[in-house]
Every structure is written in structure tokens, then in C-alpha cells.
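Taken in order, these protein sequences are the chains called A and B. Just add 37 to wherever you are in the first sequence, counting from 1, and you've got the numbering used here. Just add 37 to wherever you are in the second sequence, counting from 1, and you've got the numbering used here. Following: one structure in C-alpha cells, then a few remarks.
There are 2 protein chains.
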Amino acid sequence: MSRLRKKNRLDILNLAIPLFAQLGYEGLSMRNLASKVGVTPAALYHHFKDKDELYADAVSHAFEQKTADIKTVMAAEEEPMKRLEVFVGWFVRALNKDQDFQKLLQRVMLDSDPQRMQKLTKTTFLELFSAIQNLGESFKSKYDPHLLAISIIGLVLYHFETSSVRSLLPGSRAAHGKADTIARHVTSLLENGLLTH
Amino acid sequence: MSRLRKKNRLDILNLAIPLFAQLGYEGLSMRNLASKVGVTPAALYHHFKDKDELYADAVSHAFEQKTADIKTVMAAEEEPMKRLEVFVGWFVRALNKDQDFQKLLQRVMLDSDPQRMQKLTKTTFLELFSAIQNLGESFKSKYDPHLLAISIIGLVLYHFETSSVRSLLPGSRAAHGKADTIARHVTSLLENGLLTH
DNA sequence: TATAATTAACTAAACGTTCGTTTAGGCCGG
DNA sequence: CCGGCCTAAACGAACGTTTAGTTAATTATA
């Protein structure tokens, strides 16, 4: 009954997520998405009010899916350094598994619609960010928790944002794309800094 | 005198840069750009072969403009830590001055055209990246120079990529948007790491 | 239990708008 | 009077969206 309806709606979203990630909001047309789903454009309007709603739902669903497991994992570990390693490890692996996650996140950051941003922040970003901020505070360091949380996230994420350029730049090696290499580098840099005496 | 009234290539590019940065490639139409320039859409095709060429030239010109001064500044300083501070300071200030620079960079990273990416990498990214990689090597640390360079860039850049979400997240303060605050945080974190004994 | 009513899910076709781009021609300084 | 720079107008294609009607399954009624 309503089970089948929900599944169809989710089918559309799950197909839309990688397409929105790769092509962007304007880059993916309702006709293109409909043809990928195997349906008429008008059928999409049976499930979603308009393209805006479809996009917002796709982004929300994508982030709920990807960040579902980390919250429980984060709460388990006690020792700060170990928690950092667990988080970085999860984050790197999650980004490495599919690039769509990172691309969608990057596209959302470029989104200039404040209302959409505000809703998405409350529903999906806030909880994970607070956990990372909490993790940063557990180090009892001199750093501002807010800035530190963003630094940790950015330090991991940027290695994936630049993946397409990185291979064209000097010093590039195949290992730089591997999850473990990035995870080790980031955790070590965060732990010790540059001045390793 | 009367020449000034005529629009040349650079006038168009300088108007296109912030518009492409804010709206994206698909988001900015030739008609919209033409009206901002104060000209007919067909006139744009007198200066540029098509929209692709206009976009590529705009991006190239933007990056040559923004990164013009740092190269000389980077070469001057000798002491590693001081050079890092100079670079981070310049980078933060450059990003803080106009957000278009960062937005355009972020959009370029999402660009999936390999040919455009390859050309832009050689003409504009390579020199600056090599300088940063060189800076990283001067610390004689255990870190991979390539990964370290990306980490340094990402650590700075991400504070600006997240500027629109950051204000909606807990722990946000007005000072977090200021150039000096970010620069101090990043240099200190890079220098010492989390475990400040 | 058989049948009528209702509903979800879809298709075919078209709406008006905007897109990138082209064509044909006009203006004006050198 | 030529060539660089522009305009007016239009091209076909693609865009988001709507309307009207069809199919199949579920629910209500006799």
C-alpha cells in the first residue's frame, strides 16, 4: 500500500542524488531525471511539488543516509585522540566510497538560498557538527572550538575536493588517493603540527 | 575618449567573473551577462567564440589577477615559519577581500571537464602550488610534501567555503569571520597541532 | 462475495518562457 | 570605403510546469 508509494519516492531520490551531485541543480533537468527513472516528467510532479522540493528532499535524504552510522560510533570512544582517529577514519572512508557525497556537500555550500540552507543546517548538519566540536573541546587545547571543528572537517574534506586537480600537480602519487594514506596524514598533522621535534 | 565607451574583452571578463562566481556556468545566461555589460547578446559573440570560451577566459583572468602579487612575496622570506605566516596571511586576506575568488575556485573544482581543468592547472595553479609545496618542504618534517601543501591550502580555504553555514552553527561568533582571527588560528594549529604540552 | 466508487500513479501532449547561437545589416572612426 | 563593433530579429532546442485522460489497484457498498 503506502509502502509501495514510499519506495517509489525513494527510488526517485536515490537516482537524483548522484545526478544532482555531478550536474548541479541547473545542470539536471526534470526531463533528464525522468528518463533516468524510466518515467514521464509529469510523473515527478505527482511525487514532488516542484524541482526545488525534489532537490531539497534529495539533499536531505543523502545526508541522513551518509551520516547515519557515525553518530553512534562517535559517542562510544572515550579517549580524545582515539575519538579523533575514529572520526577521521570514518569521514575519509565515507568520502572515498562515493564521490557524490562530497560533491553534493560542496554544491550545497555554494547554494545561496538562505532558507534552504537554514533548514538543512538544522535537520542534518547541526548534530554532527556539535559532535565534532565536542571532540575538539575534549582536547582541552587553546583553540576556539568552533574554528577547530571547521579546521578538522576542512582538513579532511579538502583532500577530496581537490582530487581532480591533485593528480595534475607535481609530487602526486597514486597512494595520495587512498583512504588510509589521507587518514594517517591528517591525524598526524592534527596531533603534532609541523614542528615535530 | 570615445574608445572608453566601447566594451573590450577585459570589460566583459571583469563583469563576468563575479557573476559566474555567484551563479555558476549554467546559472549565468548570455542574455543576463549582455544586459549587465550594456550590450546585445550577439555582441558577446563578436569577442568570444561561445559561452565555453568566455567562461574559460574569465576563470583564467580571475586567477591571474588574484595570485599576481603573492609569488614575489613568497620568494622573499627565508625562515620557514615566517614564510608560512606570510602565505596564510596573504591567502586569508585575499579570500576575505572578495568572496568571488573563493566561490569561483570552488566552482572550478566541481568542473568535470578534464581539458579545461588541465589547461587551467598548468597556466595558473601550478606555480603557486609548487611554491606552497616548497614551503612545506622547508619545515623538513616527516609529512608528504604534496599532501602537506593541500592540507595547508584546505585548512585556510575551508573557513571561507563554510562561511554561509558557519553562522548558523553553535559556537559561532562575529570574530570568526575576521581575517586576523582565522589567520592566527590556522598558523597556530599548523605549527603546534592539538597536543600543546 | 460481487460490483461499484475511489484513488494512486502514471502517460501524452502541450503551455509559455528562456536558452545558446546565428543571420543580416547598420554605424562610425581611420 | 573598409573593417571592427554593434543591433534587431529570429532560429530551433530545451526548460519547468500544467492539463486532461488512462490504467490498475484498493476500498466501500449492496
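Even for Gly, the Cβ is constructed at its ideal location relative to N, Cα and C.
Out of curiosity, what's the CA-to-CA distance linking A/P78 and B/S149?
26 Å
Min CB distance B/M146 to chain A below 8 Å:
yes
Assign A/N133 to one of two classes, buried (16 or more other C-beta atoms within 10 Å of its C-beta) or exposed (fewer than that).
buried
Please check if any C-beta of chain A sits within less than 8 Å of the C-beta of B/P182.
yes
Terminal residues of the continuous alpha helix (DSSP H) containing B/R46?
First-last of the alpha helix (DSSP H) with B/R46: R46 to L60.
If the cut is a Cβ gap below 9 Å, which residues of chain B does A/I190 touch?
Y195 and T199
Just curious, the alpha helix (DSSP H) that B/K215 is in, first and last residue?
That residue, B/K215, is in no alpha helix (DSSP H); it is neither H nor E in DSSP.
Could you give the DSSP three-state label for B/M137: helix, strand or coil?
In the sequence on display, residue 137 of chain B carries Asp and not Met. Here B/D137 carries a helix assignment [DSSP, helix/strand/coil].
Does DSSP classify A/L65 as helix, strand or coil?
coil
Residues of chain A with a CB under 9 Å from the CB of B/V202: which are they?
V145, M146, M154, L157, T158, F162 and F166
Contact set for A/M38: own chain, Cβ-Cβ below 8 Å, skip 5 residues either direction
In this prediction, A/M38 scores a pLDDT of 34, lower than 50, which makes its location untrustworthy; no coordinate-derived value is stated.
Counting only beta-carbon separations shorter than 8 Å, does A/P78 have a partner in chain B?
no
Does the beta carbon of A/K179 come closer than 8 Å to any beta carbon on chain B?
yes
Cβ pair A/L205, B/T158 closer than 8 Å:
yes
How many Å lie between A/K73 and A/S178 at the Cα?
Rounded to the nearest angstrom, the two C-alpha atoms are 50 Å apart.
Exposed unless 16 or more other CB atoms sit within 10 angstroms - verdict on B/H196
buried
Only counting the same chain, and skipping five residues up and downstream in sequence, which positions put a Cβ closer than 7 Å to that of A/E101?
T161
Buried or exposed, going by whether 16 or more other CB atoms sit within 10 Å of the CB of B/Q139?
Under this definition B/Q139 is a buried residue.
At least one CB of chain B closer than 8 Å to the CB of A/K215: is that the case?
no
Where do the ends of the alpha helix (DSSP H) carrying B/V76 lie?
Element bounds for B/V76: n/a, residue is neither H nor E.
Listed in chain order, which residues of the stretch 113-144 of chain B have Cβ atoms closer than 9 Å to some Cβ of chain A?
If the cut-off is 9 Å between Cβ atoms, the stretch 113-144 of chain B has P117, M118, L121, K140, Q143 and R144 near chain A.
Nonlocal neighbours in the same chain, by C-beta distance under 7 Å from B/A216, ignoring five residues either side
V129, R130 and N133
How would you label B/D181, buried or exposed, when you count the other beta carbons within 10 angstroms and need 16 or more for buried?
buried
By the 10 Å Cβ neighbour count, where 16 or more other Cβ atoms means buried, how is B/R46 classified, buried or exposed?
It counts as exposed.
If you measure between the beta carbons of A/I187 and B/R203, is that distance less than 8 Å?
Taking 8 Å as the Cβ cut-off, A/I187 and B/R203 qualify as a contacting pair.
Three-way DSSP call (helix, strand, coil) for B/L231 in this model
coil
Beta-carbon proximity of B/L65 to B/L56, cut-off 8 Å
Yes. Within cutoff.
Give the straight-line distance between the Cα atoms of B/I219 and B/A80, rounded to the nearest whole angstrom.
43 Å
Can you name, in chain order, every residue of its own chain whose Cβ lies under 6 Å from the Cβ of A/R221, other than the five neighbours on each side?
The answer is none, since no qualifying residue turns up.
Within chain A, the residues that B/P207 reaches when beta carbons sit closer than 8 Å
Correct list: L163, F166, S167, Q170 and H183.
According to DSSP, is A/E116 part of a helix, a strand, or is it coil?
Reduced to three states, the DSSP call for A/E116 is coil.
For the alpha helix (DSSP H) that contains B/L206, what are its first and last residues?
Note, B/L206: premise wrong, no alpha helix (DSSP H); not H, not E.
Quick check on B/T104: does DSSP put it in helix, strand or coil?
Residue state, collapsed to three classes: coil.
Figure out for me which residue from A/S225, A/H183 and A/V193 has the closest Cα to the Cα of B/A212.
A/H183
Rounded to a whole number of angstroms, what is the C-alpha to C-alpha distance between A/N69 and B/Y62?
18 Å
Can the beta-carbon of A/P207 be found less than 8 Å from the beta-carbon of B/Q170?
The answer is yes: Cβ separation under 8 Å.
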